[in-house]
Amino acid sequence: MSTAAVEVTDLVKSYGDTTAVAGLSFAAPRGAVTALLGPNGAGKTSTIEICEGFRTADSGRVRVLGLDPVADAAALKPKVGVMLQSGGVPTGARAGEWLRLVASFHARPIPPRTLLERLGLVSVAETPFRRLSGGQQQRLSLAAAVIGRPELVFLDEPTAGLDPQARMATWDLIAELRAAGVGVVLTTHYMEEAERLADRVVIIDHGRVVADGTTDDLTDTRQELLFATAGGLDTDSLLSALPPGSRVDVLGSDTDLVRYAVTTAEAADIGPEFVATVTTWCAANGVLPQDLRVRRRTLEDVFLHLTGRDLRET
Ligand SMILES: Nc1ncnc2c1ncn2[C@@H]1O[C@H](COP(=O)(O)OP(=O)(O)OP(=O)(O)O)[C@@H](O)[C@H]1O
1 MSTAAVEVTD LVKSYGDTTA VAGLSFAAPR GAVTALLGPN GAGKTSTIEI CEGFRTADSG
61 RVRVLGLDPV ADAAALKPKV GVMLQSGGVP TGARAGEWLR LVASFHARPI PPRTLLERLG
121 LVSVAETPFR RLSGGQQQRL SLAAAVIGRP ELVFLDEPTA GLDPQARMAT WDLIAELRAA
181 GVGVVLTTHY MEEAERLADR VVIIDHGRVV ADGTTDDLTD TRQELLFATA GGLDTDSLLS
241 ALPPGSRVDV LGSDTDLVRY AVTTAEAADI GPEFVATVTT WCAANGVLPQ DLRVRRRTLE
301 DVFLHLTGRD LRET
């Protein structure tokens with residue numbers, strides 16, 4: 001039996017002239033949360049819908065719980081829960097009635113009432129799907145995806161557009177699924193969501209994986225020294241004062257400040273001496289380093305460093 005919940009190898013998917021997925025590979029472990037993180041249009045939905053068996057790939061190989069999502073769809077159905085971005089619920093179905101129907105397809109469902117309570121949907125149990133707010137529709141789709149106690153759930157943008165309270169309820173439910181040994185593969189463009197929930201993060205840009213690892217792999221070992229200066233500075237001169245292998249990156253500029261990130265060779269921890277070297281160089285060159293701080297990289301920074309773009313701005 002394959003150990004991975006999902007294995008994707010060299011996946012390619014185009015729509016006419018648009019290449020949505022351009023040779024993408026990753027593996028999602030069983031019983032863990034894997035986040036496919038990337039900006040809008042990166043190819044996340046195409047990838048996850050191919051894994052769900054709803055779209056066919058042009059080429060590449062996909063295995064879900066060791067099976068082919070299209071050829072083995074019948075065998076996968078009872079084991080896999082799916083939450084689509086578009087909902088997938090008939091517009092006239094009432095929330096509670098829909099959950100009871102979905103529950104009836106499963107051998108050991110979670111009681112519909114429990115999920116309605118957990119996701120704050122009790123007051124709209126008798127409301128038709130089309131009259132629910134966007135956030136309520138999303139939570140109902142999530143409830144339907146997990147009600148059959150699947151081994152694996154696919155969640156496409158589970159918290160997009162939710163208010164903070166509904167987002168927290170969704171995060172709690174996902175954390176509980178993981179604690180119960182359910183594998184979760186979700187897409188998101190919120191890096192906080194990936195950082196908070198995911199055991200493994202696959203960063204996708206332009207249909208390709210640009211980074212893949214545990215959140216700690218991607219961020220922990222990457223401390224950096226941040227500061228801003230009024231006007232640009234001579235980065236070559238600063239680099240020559242630093243230990244070999246250091247880097248100085250321009251992170252961007254506001255109206256009058258240019259923001260820099262300085263990292264050591266192999267992104268090791270930044271110690272007091274390294275900070276002193278930078279500030280000594282600044283003093284010698286008449287530069288005032290503003291907002292100076294040392295911090296661990298976030299996934300947002302990792303994305304920025306890898307693509308030159310800000311995840312929030314794309
Ligand atoms: N059915 C389709 N027909 C034509 N183009 C499509 C179709 N589905 C997706 N695309 C295009 O493929 C690219 C990748 O889209 P996809 O939805 O997979 O990305 P995404 O990362 O999930 O983005 P989003 O978060 O906006 O859903 C985009 O350029 C999109 O416009």
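Quick note: the sequence shown uses UniProt numbering, first residue 1, plus one each step. Just so you know, even glycine gets a beta-carbon here, dropped at the ideal spot from N, CA and C.
Work out the CA separation of residue j and residue i for me, nearest whole Å.
{"i": "Asp217", "j": "Pro128", "result": "45 Å"}
{"i": "Glu266", "j": "Ala73", "result": "45 Å"}
{"i": "Leu309", "j": "Leu299", "result": "According to the sequence provided, residue 309 is Arg. The question's Leu does not apply to it. Cα to Cα, Arg309 sits roughly 12 Å from Leu299."}
{"i": "Leu122", "j": "Gly31", "result": "Checking the sequence, you will find Val at residue 122 rather than Leu. Near 29 Å, if we compare the C-alpha coordinates of Gly31 and Val122."}
{"i": "Ala143", "j": "Ala180", "result": "16 Å"}
{"i": "Ile50", "j": "Leu292", "result": "45 Å"}
{"i": "Ala125", "j": "Arg167", "result": "20 Å"}
{"i": "Glu7", "j": "Gln165", "result": "33 Å"}
{"i": "Arg199", "j": "Glu176", "result": "According to the sequence displayed, residue 199 carries Asp and not Arg. Using only the alpha carbons, I get a separation of about 14 Å."}
{"i": "Ser133", "j": "Leu140", "result": "11 Å"}
{"i": "Lys13", "j": "Gly43", "result": "9 Å"}
{"i": "Arg149", "j": "Arg259", "result": "48 Å"}
{"i": "Thr219", "j": "Val275", "result": "20 Å"}
{"i": "Thr263", "j": "Ile270", "result": "8 Å"}
{"i": "Arg178", "j": "Val202", "result": "18 Å"}
{"i": "Ser46", "j": "Ser253", "result": "34 Å"}
{"i": "Pro39", "j": "His305", "result": "14 Å"}
{"i": "Thr172", "j": "Asp17", "result": "Looking at the sequence shown, residue 172 is not Thr but Asp. Each residue's Cα considered, the two are about 40 Å apart."}
{"i": "Asp205", "j": "Val64", "result": "23 Å"}
{"i": "Val302", "j": "Thr214", "result": "13 Å"}
{"i": "Met83", "j": "Arg295", "result": "36 Å"}
{"i": "Ala95", "j": "Thr255", "result": "50 Å"}
{"i": "Thr3", "j": "Gly60", "result": "19 Å"}
{"i": "Asp212", "j": "Met191", "result": "14 Å"}
{"i": "Thr9", "j": "Ala27", "result": "8 Å"}
{"i": "Val130", "j": "Arg196", "result": "According to the sequence provided, residue 130 is Arg. The question's Val does not apply to it. Each residue's alpha carbon lies about 31 Å from the other."}
{"i": "Thr34", "j": "Val185", "result": "5 Å"}
{"i": "Gly286", "j": "Pro243", "result": "21 Å"}
{"i": "Thr314", "j": "Glu273", "result": "Any reading at Thr314 must be qualified, since the residue scores a pLDDT of 49, below 50, and its modelled position is unreliable; the value itself is stated next. Distance between the alpha carbons of Thr314 and Glu273: 37 Å."}
Within its chain, find whatever has a CB closer than 8 Å to the CB of residue i; leave out the 5 residues flanking it on each side and keep chain order.
{"i": "Ile147", "result": "Gly81, Leu99, Val102, Ala103, His106, Pro109, Ile110, Pro112 and Leu115"}
{"i": "Pro289", "result": "Phe227, Ala228, Thr229, Val278, Thr279 and Cys282"}
{"i": "Asp163", "result": "Gly135"}
Residues in its own chain within less than 7 Å of residue i by CB, not counting five upstream and five downstream?
{"i": "Arg239", "result": "Position check: residue 239 holds Leu in this sequence, whereas Arg was assumed. Result list for Leu239: Ser246 and Val248, in chain order."}
{"i": "Arg208", "result": "Ala22, Gly23 and Leu24"}
{"i": "Val70", "result": "Gly53 and Thr56"}
{"i": "Ala241", "result": "Thr277 and Trp281"}
{"i": "Ala157", "result": "It should be pointed out that residue 157 corresponds to Glu in this sequence rather than to Ala. Gln85, Thr187 and Thr188."}
{"i": "residue 323", "result": "With the chain running from 1 to 314 in the structure shown, residue 323 is simply not present."}
{"i": "Leu67", "result": "Ala75 and Leu76"}
According to DSSP, is residue i helix, strand or coil?
{"i": "Asp68", "result": "coil"}
{"i": "Ile48", "result": "helix"}
{"i": "Arg30", "result": "coil"}
{"i": "Arg259", "result": "strand"}
{"i": "Phe154", "result": "strand"}
{"i": "Thr314", "result": "Only weak support is given to the placement of Thr314: the predicted model assigns it a pLDDT of 49, under 50, and the value that follows is read from those uncertain coordinates. In this structure, Thr314 counts as coil in the three-state DSSP scheme."}
{"i": "Gly23", "result": "strand"}
{"i": "Asp216", "result": "helix"}
{"i": "Asp269", "result": "coil"}
{"i": "Arg118", "result": "helix"}
{"i": "Ala42", "result": "coil"}
{"i": "Thr127", "result": "coil"}
{"i": "Ser104", "result": "helix"}
{"i": "residue 362", "result": "Missing from the structure shown is residue 362; the chain here goes from 1 to 314 and no further."}
{"i": "Ala211", "result": "strand"}
{"i": "Asp172", "result": "helix"}
{"i": "Phe54", "result": "coil"}
{"i": "Thr307", "result": "helix"}
{"i": "Gln223", "result": "strand"}
What residues in its chain sit with their C-beta under 6 Å from that of residue i, if we drop five residues either side in the sequence?
{"i": "Ala261", "result": "Glu224, Leu226, Asp249 and Leu251"}
{"i": "Thr170", "result": "Pro158 and Thr159"}
{"i": "Gln138", "result": "none"}
{"i": "Gly232", "result": "Val258"}
{"i": "Ala20", "result": "Lys13, Gly43, Ser46 and Gly207"}
>> Any contact between the region 90-98 and the region 150-157? By contact I mean 3 or more CB pairs, one from each, below 8 Å.
In response: no
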